[in-house]
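What follows is a set of notes on a single structure, which appears directly below.
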Amino acid sequence: MASSEAVPTWEQVASDYGRTIYNFAYRLTGNRDDASDLAQEVLLRVRRGLAGYRPGSFEGWLWRITRNAFLDDVRKKQRRPTAELPDEDRSTIATAPAPEEVLAETRLSAEVQAALLSLPIEFREAVVMCDVVGLSYQEIAEAVEVPVGTVRSRIHRGRLLLRDALEGRV
Amino acid sequence: MHLGDSLSAFLDGELDTGARSDAESHLASCPLCRSELEAVSESSRMLKSLPVAEPPAHLVAPSNVRHLRPRRGRILVGAAAAAALIVGVGFGVNADRAVPLQLDEVVEQHVARASVDPGFNVLQVQAVVDR
Amino acid sequence: MILAVALTAISLLGTAPHADLVDDMGQAGDAEFTARQLVVCWGDDGAVARVSDIEQSDGMTRVAGPDGTFVIGDGKMIEQYAGGIRYLEMSPTSAWRLWDGYQMTTDPPDVASVLSSGRTVEVTEGGRIRARFVLDEQTGTPLSTQVYDGDGSLYRYSVMMEFRPGDADAMSDMDDMPDPEYRAAASAIDVPSVAGHYWAADSYAAPGGVQVFFTDGLFRFSVFEVSRKSDGGGLSDAPDVEIAGQSGYHRTYTPGAVSVFWRTADRAYVLVGDLPPDHLEAVLQDLPEPGRPNILKRAWRWAFG
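Protein chains in written order, with this note's numbering: chain R, 1 to 170; chain Z, 1001 to 1131; chain F, 2001 to 2305.
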């Protein structure tokens, strides 16, 4: 993690956060190609933005960029992401040696991903930032530009909605 | 008055000391909040256990960054191979075959022994159940 | 029953530093009750929680969970699952005692109990809070348990809900028990007899290696010494974390326990236990440290044992 005093270089951001940004994008879109495009776009914006970035809450700044890139993408495509079986899981099925546990786990993660895609965007981004990326409520509040109380409520409702979605599915 | 979204904050360690002990005492007496806590903790656990997706190489390793790691790896492999030759062939051959460990059995054996100690065995039992 | 013998011996001698707690805990082990238990543990990567149904009688505790039904107590571990029953039995050689670095206070005046009834026992270490128990007045069962990290933050919290004394039959659904697998005493090679302030109480043969059981009377953990080629039972997939300035550890939390896996120059280790994070740090510094394979060391062991 970058410290809040130093301004990291773009290469540092890419190598330190590339994987996390990609996973954030993948869990929000449920699609590898979209995630890849989105992560690419985020890194471009980071590159442009770093020049004007003043030392402060780097995480808040970075995730605000990431999240805005995602929203722009959703607006541009004018479609809701569909709850299809994520392609990662299909490829795992095809290439893994396929003992029963691996299959069960893969099916479960596909179900969780599908349930996640059924959540409204505000709730989806809140739970992904909290549980997948591991940001604090304060960092999420800075990224999403809402009060901490709102973050708290979105995370809680998001988790309950996820549970409902999973129960409906299983 | 139920805990509502404080439950997630409680789970995430986002409550201050006072609010946390209030939540604890409410939970002790409210089955509704306990089952809600169980639900959000299960959702959170499932999200956390989603596999980490591997991004395409260009996203994590921009082309203008020099990679020292593969080269260092190659030197190490060479050194290991030379060492294996010196000390005998036996070590080079099956050095990489993994021996499976049954984590369940390991935890159960720990808990079986721990259960002899007085007192806190209910927590010990929990260690087996939530593996 | 070994536990009863050990407790009686301590009580008769009258030298036990914390006779009250010993009595309570001995009594709690014999209590009969049913309850639901909530356990929350705050690990480094967030909290994990679990609610389970518990039944205790005849010194045995029964818990039904998604992976099967377990009955545990007195050195026995019986697991009932879809495929059958597994029955493990161990006979420890050492008696229980409590580390003298802990101080006990019963019913501390400035602590408001979370629960309406029960006796509060507070455990401090060097003047700082380490654990707080609310014990049932009648049976001594810990109704609420709080364990604190060295910096005073809450590490684990558990509470018994719908606690009903009596009316339990822990062994009721365990029919047709197979013969138990006994675990013989064995010794590890590179595990010291003291780690942090914990002492090695006894050690046993274990699947693929040796188990050394450590305790300080309040918390306990086992170190399993296994082949370096061990896959860690999935623990090696956990992220590589730095503990006490040393990288190479793979750590996961469940509500009831922390598990750590690491490989040293020529072996691999799994640590499983309920000890708090700062104790874990101190303990790991005294155990063999993570390292790359050392071919010469392995050759030496191979040739000379």
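We put the CB at the ideal spot given by N, CA and C, even for glycine.
Given residue i as reference, the closest of the options once Cα atoms are compared
{"i": "F:Pro2108", "options": "F:Ala2185, F:Glu2225 and F:Val2134", "result": "F:Val2134"}
{"i": "F:Arg2271", "options": "Z:His1002, Z:Val1111, Z:Met1001 and Z:Val1040", "result": "A small correction: the amino acid at residue 2271 of chain F is Leu; Arg does not occupy that position in the sequence shown. For the residues Z:His1002, Z:Val1111, Z:Met1001 and Z:Val1040, the minimum Cα distance to F:Leu2271 belongs to Z:Val1111."}
{"i": "F:Pro2192", "options": "F:Phe2033, F:Ala2201 and F:Glu2281", "result": "F:Ala2201"}
{"i": "Z:Asp1104", "options": "F:Arg2086, F:Glu2281 and F:Tyr2102", "result": "F:Arg2086"}
{"i": "R:Glu125", "options": "R:Ile155, R:Ala110 and R:Gly149", "result": "R:Ile155"}
{"i": "F:Glu2242", "options": "F:Arg2097, F:Ser2094, F:Glu2289 and F:Glu2162", "result": "F:Glu2289"}
{"i": "F:Trp2262", "options": "F:Val2071, F:Pro2277, F:His2279 and F:Pro2239", "result": "F:Pro2239"}
{"i": "F:Met2060", "options": "F:Val2260, F:Arg2292 and F:Asp2030", "result": "F:Asp2030"}
{"i": "R:Arg159", "options": "R:Ile21, R:Glu122 and R:Ala141", "result": "R:Glu122"}
{"i": "R:Glu145", "options": "R:Gly56, R:Val128, R:Arg64 and R:Glu59", "result": "R:Arg64"}
{"i": "F:Ala2186", "options": "F:Tyr2155, F:Val2258, F:Val2223 and F:Pro2178", "result": "F:Val2223"}
{"i": "F:Gln2138", "options": "F:Arg2119, F:Arg2132, F:Ser2153 and F:Leu2154", "result": "F:Arg2119"}
{"i": "R:Leu117", "options": "R:Arg163, R:Glu41 and R:Gly18", "result": "R:Arg163"}
{"i": "F:Asp2274", "options": "F:Val2063, F:Tyr2155, F:Asp2237 and F:Trp2096", "result": "F:Tyr2155"}
{"i": "Z:Glu1038", "options": "F:Ala2049, F:Lys2229, F:Arg2183 and F:Ala2035", "result": "F:Ala2049"}
{"i": "R:Ser57", "options": "R:Leu161, R:Gly149, R:Gln138 and R:Gly168", "result": "R:Gln138"}
{"i": "F:Gly2208", "options": "F:Phe2214, F:Glu2225, F:Phe2221 and F:Asp2278", "result": "F:Glu2225"}
{"i": "F:Gln2027", "options": "F:Arg2036, F:Asp2058, F:Trp2042 and F:Gly2043", "result": "F:Asp2058"}
{"i": "F:Tyr2081", "options": "F:Val2063, F:Thr2252, F:Asp2286 and F:Gly2291", "result": "F:Val2063"}
{"i": "R:Glu167", "options": "R:Val148, R:Asp37 and R:Ala115", "result": "R:Ala115"}
{"i": "F:Ala2268", "options": "F:Leu2287, F:Thr2034, F:Asp2044 and F:Leu2088", "result": "F:Leu2287"}
{"i": "F:Asp2190", "options": "F:Thr2252, F:Arg2228 and F:Leu2143", "result": "F:Arg2228"}
Partners in chain R for residue i, counting only beta-carbon separations shorter than 7 Å
{"i": "Z:Met1046", "result": "Val112"}
Contacts of residue i in chain F (Cβ-Cβ under 8 Å)
{"i": "Z:His1002", "result": "Ordered by position in chain F, no residue passes the 8 Å Cβ test against Z:His1002, which lies about 15 Å from the chain."}
Per-residue contacts from residue i into chain Z (C-beta, under 8 Å)
{"i": "F:Phe2213", "result": "His1110, Arg1113 and Ala1114"}
{"i": "F:Trp2042", "result": "Gly1013"}
{"i": "F:Ser2227", "result": "Val1099"}
{"i": "R:Val132", "result": "Leu1047, Lys1048 and Leu1050"}
{"i": "F:Met2077", "result": "Glu1108, Gln1109, Val1111, Ala1112, Ser1115 and Val1128"}
{"i": "R:Leu28", "result": "Under the 8 Å cutoff, chain Z gives no residues; its nearest Cβ is about 12 Å from R:Leu28."}
{"i": "R:Leu160", "result": "Glu1036, Ala1039, Val1040 and Ser1043"}
Contacts of residue i in chain F (Cβ-Cβ under 9 Å)
{"i": "Z:Pro1100", "result": "Gly2208, Ser2230, Asp2231 and Gly2233"}
Within chain Z, the residues that residue i reaches when beta carbons sit closer than 7 Å
{"i": "F:Asp2074", "result": "Ser1115 and Val1116"}
{"i": "R:Arg67", "result": "Here the premise fails: no neighbours, minimum Cβ distance about 17 Å."}
{"i": "R:Ile155", "result": "Ser1008"}
{"i": "R:Ser109", "result": "Leu1050 and Pro1051"}
{"i": "R:Arg124", "result": "Per Cβ cutoff of 7 Å: no residues; R:Arg124 is ~10 Å from chain Z at best."}
{"i": "F:Val2051", "result": "Arg1034 and Glu1038"}
{"i": "F:Arg2251", "result": "Those within 7 Å of F:Arg2251 in chain Z number zero; the least Cβ separation is about 13 Å."}
{"i": "R:Val127", "result": "Leu1047"}
{"i": "F:Arg2220", "result": "Ala1114 and Asp1117"}
Within chain R, the residues that residue i reaches when beta carbons sit closer than 8 Å
{"i": "Z:Val1052", "result": "Arg19 and Asn23"}
{"i": "Z:Pro1031", "result": "The contacting residues do not exist; Z:Pro1031 stays about 17 Å from chain R at best."}
Chain-ordered chain Z contacts of residue i [CB-CB under 9 Å]
{"i": "F:Ala2047", "result": "Phe1010, Leu1011, Asp1012, Gly1013, Ser1041 and Ser1044"}
{"i": "R:Arg75", "result": "Neighbours of R:Arg75 on chain Z: none; closest Cβ ~23 Å, over 9 Å."}
Chain-ordered neighbours of residue i on chain R, where CB pairs are closer than 9 Å
{"i": "Z:Asp1005", "result": "Gly149, Arg152, Ser153, Arg154, Ile155, His156 and Arg157"}
Problem - Contact list for the stretch 30 to 55 of chain R against chain Z, Cβ threshold 9 Å - result: Result list: Arg32, Ala35, Ser36, Ala39, Gln40 and Leu43.
Problem - Ordered list of alpha helix (DSSP H) runs contained in the stretch 54 to 80 of chain R, each at least 4 residues - result: 58 to 77
Exercise for the section: Go through the stretch 2199 to 2224 of chain F residue by residue and report every complete run of the beta strand (DSSP E) that reaches 3 residues or more, in order. Expected result: For the stretch 2199 to 2224 of chain F, whole beta strand (DSSP E) runs of length 3 or above, ordered along the chain, are 2209 to 2215.
Handout entry: Touch test, the stretch 2123 to 2132 of chain F against the stretch 2143 to 2150 of chain F, Cβ-Cβ under 8 Å, three pairs minimum
Key = yes
Practice task
Taking only beta carbons into account, state which residues of the stretch 2149 to 2164 of chain F come closer than 9 Å to chain Z, listed in chain order.
Solution key: Ser2153, Leu2154, Arg2156, Tyr2157, Ser2158, Val2159, Met2160, Met2161 and Glu2162
Handout entry: Residues of the stretch 2267 to 2291 of chain F with Cβ closer than 9 Å to any Cβ of chain Z, in chain order
Key = Ala2268, Val2270, Val2272, Gly2273 and Asp2274
Problem - chain Z contacts made by the stretch 2080 to 2099 of chain F, where a contact means CB separation under 9 Å - result: Arg2086, Leu2088, Glu2089, Met2090, Ser2091, Pro2092 and Trp2096
Practice task
May I have a chain-ordered list of the beta strand (DSSP E) segments no shorter than 3 residues that lie completely inside the stretch 2039 to 2095 of chain F?
Solution key: 2046 to 2057, 2060 to 2065, 2068 to 2073, 2076 to 2081 and 2084 to 2089
Exercise for the section: Only counting runs of 3 or more residues, tell me where the beta strand (DSSP E) segments fall wholly within the stretch 2146 to 2183 of chain F, in order along the chain. Expected result: For the stretch 2146 to 2183 of chain F, whole beta strand (DSSP E) runs of length 3 or above, ordered along the chain, are 2154 to 2165.
Exercise for the section: Give, in chain order, every residue of the stretch 2174 to 2194 of chain F whose Cβ lies closer than 8 Å to some Cβ of chain Z. Expected result: Taking 8 Å as the upper bound on Cβ-Cβ separation, chain Z lies near residues Arg2183 of the stretch 2174 to 2194 of chain F.
Practice task
Counting only runs of 4+ residues fully inside the stretch 1004 to 1041 of chain Z, write out the alpha helix (DSSP H) ranges in chain order.
Solution key: Secondary structure remark: continuous alpha helix (DSSP H) runs of at least 4 residues inside the stretch 1004 to 1041 of chain Z, in chain order: 1006 to 1011 and 1017 to 1029.
Exercise for the section: Say whether the stretch 61 to 75 of chain R touches the stretch 25 to 45 of chain R, bearing in mind that this needs 3 or more beta-carbon pairs closer than 8 Å, one atom from each stretch. Expected result: yes
Handout entry: Any 3 or more C-beta pairs closer than 8 Å across the stretch 1001 to 1008 of chain Z and the stretch 1018 to 1038 of chain Z
Key = Contact holds between the stretch 1001 to 1008 of chain Z and the stretch 1018 to 1038 of chain Z, because three or more Cβ pairs, one in each stretch, are under 8 Å apart.
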